[in-house]
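Here my numbering is used: the first residue of the sequence shown is 171, the next is one more, and so on. Read the structure below first, then the notes.
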Amino acid sequence: MITDDVTVDTTDTLVVREVFGPSVQGEGPSTGRRCSCIRLGGCNLACGWCDTPETWDASRFDLRQTLTRRPVAEILTRALEGDPGMVFITGGEPLLHQHQDGWRSLLGGLILAGTEIEVETNGTQAPTVHTARWVTRFNVSPKLAHAGDPPEKRIRPGALYALLETRKAVFKFVVRDLADVHEVQAFTAAHGIPPHLVWVMPEGTDTATLSTRWGEIADPAIAAGFNLSHRLHVAIWGDEKGR
């Protein structure tokens, strides 16, 4: 990993929902890899099917109870327990934090520890220079129409292009049916995203729902040139949080 110009102030802080692991990455090209997870708070979208609304939805949750501002030293110590090899940063939308000192210190601490860094993002935030330089992979998950937000809010072409330009991005789409697969085809063609960088994943938080949706989406997704992603953590632990 690149270690020049890394700076770490472990007294910096970030707003966190949870830090857990070692576990396994449940989605995308790193599925099954041993990792730890840092889940940050806050999001700029409001997906109707979001499985972690406690990170952003103040209409349903007391965010003063579900989110905590924690020192980077504490976050790093917990994330690196068990020598996970890879740390996955998610949310909410984690790139909302990238202009804070705590973000730079967090990435710096992970780099100095020698771990890979994956970041899941909804594709509406362009990475800063340091984020693009230090992150190992971006799992970009643009939201389709069924998520509920209007196109002008959930689709930011400039941010998508900036992420693609890092040459570290893959694109993961949550789909429910054949129409959603067709929407992914139109979306990726419109934004110049090559099919081999695309992973299609069924929406659902239980194995029965996932299995039903696989039957409709798998063949057309493969025919479109896309990769398939399971939700391995759901298959193993169901909808249990912190796994």
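For glycine and all other residues, C-beta sits at the position ideal for the given N, C-alpha and C. Here the structure is a predicted model, which means the values were calculated and not measured.
Here Q235 is exposed, its C-beta having fewer than 16 other C-beta atoms within 10 Å.
With respect to S275, V178 sits close: the two C-beta atoms are nearer than 7 Å.
The Cβ atoms of R383 and G196 do not sit closer than 7 Å to each other. In the three-state reduction of the DSSP assignment, T379 falls in the helix class.
Taking a C-beta distance under 7 Å as the contact criterion, T180 and R239 do not qualify as a contact pair.
Beta-carbon to beta-carbon, F190 and C213 are separated by about 19 Å, too far to satisfy the 8 Å threshold. In the same chain as A332, and ignoring 5 residues on each side of it, the C-beta atoms closer than 7 Å to its own belong to A296 and P297, in chain order. If the five residues before and after D319 are omitted, its C-beta is found closer than 8 Å to the C-beta atoms of L215, A216, C217 and K313, all from its own chain and listed in chain order.
DSSP, read as helix, strand or coil, puts A394 in coil. Here the alpha carbon of S229 sits roughly 34 Å from the alpha carbon of G279. Looking at the DSSP output, C207 shares a beta bridge with F190 and F258. A residue is called buried once 16 or more other Cβ atoms fall within 10 Å of its Cβ, and R337, having fewer, is exposed.
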